[in-house]
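*Asks:* Protein sequence lines correspond, in order, to chains A and P.
Residue 46 in UniProt numbering sits at position 46 of the first sequence; the count goes up by one each step and never skips.
Residue 236 in UniProt numbering sits at position 236 of the second sequence; the count goes up by one each step and never skips.
Quick one: the structure is below, and I'll ask about it shortly.
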Amino acid sequence: MTAPRILPCGDSALTVEFGQTIDPAINGMVLALDDIIRARAPAGLIETVPTYRSITVQFDPVATDYDALIGFLNDAARDIAPREAVGRRWRVPVVYGGEYGSDLEEVAEIHGLTPHQVIEIHSSAVYRIYLIGFLPGFTYLGGLDKRIATSRRLHPRAKIPSGTIMIGGEQAGIAPMDMPSGWHNLGRTPVRTYAPERDPAFLFAAGDELVFEPIDASRWEALEKAALAGEPVAEEVRP
Amino acid sequence: MTDLVVKSCGPMTTLQDRGRLGYQRFGVSPSGAMDRRALAMANVLVGNPPDTGAIEFMNLGGAFTAEGGDLRVALAGAGCSLSVDGTAAAPQTSVLLKEGQSLEVGHARSGTFAYLAVAGGLAVEPQLGSLSFHLRSRLGGLNGTPLKAGDRLPCRAGAEGGEPMQLALSLPEETGPIRVMLGPQDDYFTPETIRLLQESEFTISSQADRMGFQLTGPRLEHAKGFNIVSDGIVDGHIQVPGSGQPIVLMRDRQTAGGYPKIATVISADLGRFAQLRPGTAVRFKAVGRDEAVAAARQLKDWIAALPGSLTPVRFNLTTEHLLSRNLIGGMVNGLAPAASDQAS
């Protein structure tokens, strides 16, 4: 494997780049390096931000021995093995279609499928959480079946509700709160990926896996109530 | 318990401190004071650690009152006036706001961001370790909102503070180009574009807020497209979208983004850059790591030296104070406004 590139981000950060594409092996190395940096916590470290293909390391420029940090990162990255998918796999209940997923029928029509087939395809994949970003708890998922990959909407919506299960291009995602979006809404989950008053405030982490479980609208109210009371509602399941 | 009560304020009057660190991996923007130098000055004036949470004003000022006790406060940053019951306070000085008195912060006559600190700090519950308000995620501040008329900010015990103090050190007067370090994606641009970035004049556009400052100027052409797979973002990144018009990402930036970043404003110059108003011309100069780190060290030393530059206000020339000290005899009209009351 070629050595990762170390890119300067001003005097207080750098990015270690393992590749330029969305790839589970690359993301696995990002997460493996993240584990090592966090375990060793070199002097001056402020925080690390793992993304799809690189990890950004933020540090105090005055308290950090930069050459030592580079040496440490190069050593750590040299023989790194991609982190295997972590033990956590989450099952997330979703009500598809209707008022919960207003674009389900349109997405089905675009691909010459029935809405039921779209639900079937969307809920039978195992997704990888590549990145929590953009907003607190916004969950970027890889693993969307190409048969339902749908380019983004021409006209983004100013506001979609919290818990919206959506797809954009070959990506899938979960909205952590009401937010603007140009993706297609397939359904909605009562799960709060982020709830500031709950412990833990964030349910998922990059590297986790996730599956969707279609549920009837009749179960929405009870699950929504539980989620508002601080229940995770998402269940940890065995892979 | 003493409350600082908001009577009126501009729409982006917020609480800010050092920022919300440690949660970027969950998509949480760090936020924090746009000008940490000014935040430090206001805090040190009232005896607080430099990063203590304070009220950040953006362009517009506000009016406040103290309820339940007296408050020692100080203002620093953008050129805003500060007055108590209509009497102007000298700049770089902490003032006592007595219970029921009215405190007025004027709009910014120079710069953009000003900070009002209260002795002992605000007794507002931090969210994820910080008071800093972030608009898009509705985190921080009072219940995830900017300040508005009627809000009550509880203050910690001892908020009446000690003697009035003044700071000898003022904001460093720097006028040169804003210094940047090239990267992380300078290889997405031609050498000609890198030259343009350093030799051209840019203007701060009206689209400048806590998230980012959009600049106008010569078009910065990409050498190999502008679509990259999103990677990490830091304060001061200069990203160049397809339009070729750069955006400097500020404290409320996203945690990850998908445009190539040609360069990064060095940490020591970010506060100065934040105070540049829309319509202001700005130039950039690429420097190496050594110069950037030396500047960061200089700024850290400057903040560390602030408490040592505090001196008590020896002559608090309010009529009330003069009369209480019995410093003047019958030949002088002790009720005439003192010189300092008319200043600034």
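Ideal Cβ positions, reconstructed from N, Cα and C, are used throughout, including at glycine.
Note that the structure is a prediction, hence the values are computed from the model and not measured.
1) Along chain A, in chain order, which residues have C-beta atoms closer than 9 Å to that of P:Thr52?
2) Output, in sequence order along the chain, the residues in the stretch 9-37 of chain A whose CB is closer than 9 Å to any CB in chain P.
3) Would you verify that the beta carbon of P:Arg325 is, or is not, closer than 9 Å to some beta carbon of chain A?
4) Drop a sphere of 10 angstroms on the beta-carbon of A:Val30, count the other beta-carbons inside from all chains shown, and report buried for 16 or more, exposed for fewer.
5) Using a Cβ cut-off of 7 Å, pull out every chain P residue sitting near A:Leu7, in sequence order please.
6) Mind checking which residues open and close the beta strand (DSSP E) that includes A:Phe59?
7) At the 9 Å Cβ level, is A:Val62 part of the contact set with chain P, yes or no?
8) Give, in chain order, every residue of the stretch 233-251 of chain P whose Cβ lies closer than 9 Å to some Cβ of chain A.
9) Can you name, in chain order, every residue of its own chain whose Cβ lies under 7 Å from the Cβ of A:Thr150, other than the five neighbours on each side?
10) Looking at chain A, is there any beta carbon in it that lies within less than 9 Å of the beta carbon of P:Thr264?
11) Tell me, please, which residues DSSP counts as bridged to P:Gly257.
12) Quick one: is A:Ala234 buried, meaning 16 or more other Cβ sit within 10 Å of its Cβ, or exposed?
13) Does the beta-carbon of A:Ala229 have 16 or more other beta-carbons within 10 angstroms, so that it is buried, or is it exposed?
14) Exposed or buried, A:Ala222, counting other C-beta atoms within 10 Å across all chains shown (16 or more means buried)?
15) Assign A:Glu235 to one of three DSSP states: helix, strand, or coil.
16) Mind the definition here: the stretch 76-93 of chain A touches the stretch 49-67 of chain P only if three or more C-beta pairs lie below 8 Å; say whether that holds.
17) Express the C-alpha separation of P:Ser230 and A:Asp208 in angstroms, rounding to a whole number.
18) Whole beta strand (DSSP E) runs in the stretch 59-132 of chain P with 3 or more residues, listed along the chain?
19) Where DSSP assigns a beta bridge to P:Thr264, which residues make up the other side?
20) Taking its Cβ as the centre, do 16 or more other Cβ atoms sit within 10 Å of A:Leu154, making it buried, or is it exposed?
21) With a cut-off of 9 Å, does the C-beta of P:Gln16 fall near any C-beta of chain A?
22) Tell me the residue span of the alpha helix (DSSP H) that contains P:Arg138.
23) Quick one: does A:Pro232 have its CB under 9 Å from some CB of chain P?
24) How about P:Gln245 and P:Leu220: are their beta carbons less than 9 Å apart?
25) What whole-angstrom Cβ distance do P:Ile233 and P:Arg253 have, given they're in contact under 8 Å?
*Replies:* Working from what's here:
1) Result: empty, since nearest Cβ-Cβ is about 19 Å, beyond 9 Å.
2) Cys9, Gly10, Asp11, Ser12, Ala13, Leu14, Thr15, Glu17, Gly19, Gln20, Thr21, Ile22, Asp34
3) At P:Arg325, the pLDDT of 47 sits below 50, so the modelled position is not reliable; the number obtained from the coordinates is stated separately. Chain A, which has no Cβ nearer than 9 Å to the Cβ of P:Arg325, makes this no.
4) buried
5) Gly183, Pro184
6) 54-59
7) yes
8) Ile233, Val234, Asp235, Gly236, His237
9) Val107, Ile110, Ile167, His184
10) yes
11) P:Asp231
12) buried
13) exposed
14) exposed
15) strand
16) no
17) 19 Å
18) 62-67, 71-77, 82-84, 95-97, 102-105, 113-118
19) P:Met181, P:His237
20) exposed
21) no
22) Element bounds for P:Arg138: n/a, residue is neither H nor E.
23) no
24) yes
25) 5 Å
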